[in-house]
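Colleague:
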Amino acid sequence: MERTSQAWMWPAEEPFPHPMGTEAKVWILGAGRFGRLAVERLFKDERSTGVIVDADPHRLREIPKQDGWIAVRGDVFVFLSNQVLSDDQWIIPAVPVHVALGWIVMELGKRGVVHRLPVPHDADSLVPHPIRTPSGTLYASHATFRCPDDCPEPEAFCTITKKPRPEKLYRILQKLAIPDYAPMVIQSRQLAPGVGGYTGGQLKEALAAVLQRPGSYIVATSCSCHAVMDAVRWDGPF
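Taken in order, the sequence shown gives residues 0 to 237; the numbers are from numbering that gives the first Met the number 0.
1. Alpha helix (DSSP H) containing Pro56: first to last residue?
2. Go ahead and label Pro92 buried or exposed: buried means 16 or more other beta carbons lie within 10 angstroms of its beta carbon, across all protein chains shown.
3. Consult DSSP for Ser217 and reduce its assignment to one of helix, strand or coil.
4. Would Ala226 and Tyr169 be called neighbours here (beta carbons separated by less than 9 Å)?
5. Rounded to whole angstroms, what is the Cα-Cα separation between Val118 and Pro153?
6. Is the stretch 70 to 77 touching the stretch 184 to 196 in the sense that three or more CB pairs, one from each, lie closer than 8 Å?
7. Here's the rule: buried if 16 or more other CB atoms are within 10 angstroms of the residue's CB, otherwise exposed. What is Gln211?
8. Here's the rule: buried if 16 or more other CB atoms are within 10 angstroms of the residue's CB, otherwise exposed. What is Phe237?
9. Compare the C-alpha of Val52 against each of Glu204, Asp234, Gly108, Trp9 and name the closest.
10. Can you tell which of Ile90, Ser187, Pro16, Gly31 has the C-alpha that lies nearest to the C-alpha of Val50?
11. Alpha carbon to alpha carbon, what distance is there between Leu116 and Leu202?
12. Pairing CB atoms from the stretch 169 to 185 with CB atoms from the stretch 118 to 138, are three or more of them under 8 Å?
13. In the DSSP assignment, the beta strand (DSSP E) including Ile177 goes from what residue to what residue?
14. Just the Cα atoms here: how many angstroms apart are Cys157 and Gln189?
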């Protein structure tokens with residue numbers, strides 16, 4: 000572990016000692032543009048505590064000085080696998096991977112046989128403005144434009160169009176009816192304008208539901224307007 004004048008630089012492979020890990024209730028995964036915005040918008044109070052994780056130490060050093068947070072150097076999944084995840088721990092994904100899906104697959108793999116699958120093509124016609132990647136990940140959005148990074152996610156009307164907002168996307172995904180696949184939706188909640196995340200309790204609840212019933216799932220992380228979806232098959236314990 001190294002300590003600089005601006006922050007702790009903690010290796011992702013090492014668990015936090017008590018009480019350091021329990022005091023930081025916000026984990027920001029990624030120190031790129033959106034990770035930096037999350038730091039700026041969430042940690043305005045000098046008494047705030049948090050963690051920001053990135054594999055690139057140069058990005059971590061570019062984060063403005065903040066005494067109440069810890070910089071962690073390394074892979075976000077290595078970090079998650081070495082920490083105790085409490086129910087009230089907030090996770091802010093700010094990396095170009097599906098963090099919730101990756102964590103669930105990682106945890107299932109410790110217990111049994113799990114397979115990554117492409118999202119069934121039946122889903123494309125059931126979600127707004129679908130975009131499919133070669134790997135089978137599916138993105139959906141109510142927007143046909145780039146949303147501002149400080150959108151406050153108003154309840155009634157869209158910030159840009161001023162039109163009534165359609166049904167919340169996470170609710171649409173919760174009702175997906177695709178043969179042989181059950182939806183598993185982690186709702187992303189806004190903590191500050193343009194900054195969303197979910198709790199450790201939400202992840203553990205989703206994992207517990209999959210563990211109870213082997214089968215195929217569409218795992219989605221979604222806020223009111225945008226979503227990312229992947230699919231897995233859980234064959235059960237070893």
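A virtual CB, placed ideally from N, CA and C, is assigned to each residue, including glycine.
Modeller: Here's the rundown:
1. 56 to 61
2. buried
3. Correcting the residue identity first, residue 217 is Ile in this sequence and not Ser. In this structure, Ile217 counts as strand in the three-state DSSP scheme.
4. yes
5. 30 Å
6. no
7. exposed
8. exposed
9. Trp9
10. Ile90
11. 20 Å
12. yes
13. No beta strand (DSSP E) contains Ile177, which DSSP labels as neither H nor E.
14. 15 Å
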